[in-house]
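Worksheet for the structure shown next.
In the working numbering, the protein residues as written are 45 to 294.
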């Protein structure tokens, strides 16, 4: 059954989990270390998606909860991280009590906030005193092999190539935190690699959510653009990067 019009991510949740759910794993370690997350830490994963970070937090002995606006993502996260409190909700209106968490994380999620100030205010509300927020997302496009494919797809659609938003740029995450009244504790950039086993996985991963006709039309564009990243075994390895920052409310 198709999702409601205001829940488009539910329709693509399974493919997202399959191709991208654990993609950001390399940034988890520096983010959790900078945030001081360890056994017993109460952690909220905002935009938890299909639950891979929640599962990792459980493996580390933390006490994770999650929130995502897509109902199907929440179903997948609950199945993956059994026992975690995972709820449907928005980043600007978190369905949790005041002071409930020691850390709030948003990995590849903060850029979807309609109002970043409201999102950070909600993070502050649900944090305990001395709690921290950790944000992570794509670095500037020049650091990402995936940009070659995005540019090729834009040209195929006769659109302008995508540009970097401010959060992608050096210092962008730290700046938005400082401007909202947070004290930045640490920040960095971490290499993140995306792989595909062959042409089929490459095309399905890049064009997930598109209809069959669109996939058929654009598959040659994707394969040609990814040719520089093709390995001798027929798979693909695309090097990318995530920027991250951890802060405490000033």
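Ideal Cβ positions, reconstructed from N, Cα and C, are used throughout, including at glycine.
- Around the beta carbon of residue 146, 16 or more other beta carbons lie within 10 angstroms, which makes this residue buried.
- Here the alpha carbon of residue 200 sits roughly 11 Å from the alpha carbon of residue 263.
- Taking residue 139 as the centre and dropping the five residues before and after it, the same chain places the C-beta of 131 and 133 closer than 6 Å to its C-beta, in chain order.
- Residue 217 sits close to residue 287, with the two beta carbons spaced by under 8 Å.
- Pairing residue 165 with residue 227 gives a Cβ-Cβ distance that is not under 8 Å.
- Note that the C-beta distance between residue 68 and residue 194 is not below 8 Å.
- Taken through DSSP and simplified to helix, strand or coil, residue 73 comes out as helix.
- Counting only runs that start and end inside the stretch 150–215, the alpha helix (DSSP H) elements of at least 4 residues fall at 160–170 and 190–200.
- Around the beta carbon of residue 202, a 10 Å sphere encloses fewer than 16 other beta carbons of the protein chains shown; the residue is thus reported as exposed.
- By the C-beta density criterion, residue 83 is exposed, having fewer than 16 other C-beta atoms within 10 angstroms.
- 102 is the residue among 289, 106 and 102 whose C-alpha sits nearest the C-alpha of residue 126.
- By the beta-carbon neighbour count (other beta carbons within 10 angstroms, threshold 16), residue 224 is buried.
- By the C-beta criterion, the stretch 239–253 is judged not to be in contact with the stretch 81–96, since fewer than 3 inter-stretch pairs fall below 8 Å.
- Counting other Cβ atoms within 10 Å of its Cβ, residue 212 reaches 16 or more and is therefore classed as buried.
- The three-state secondary structure of residue 294, taken from DSSP, is coil.
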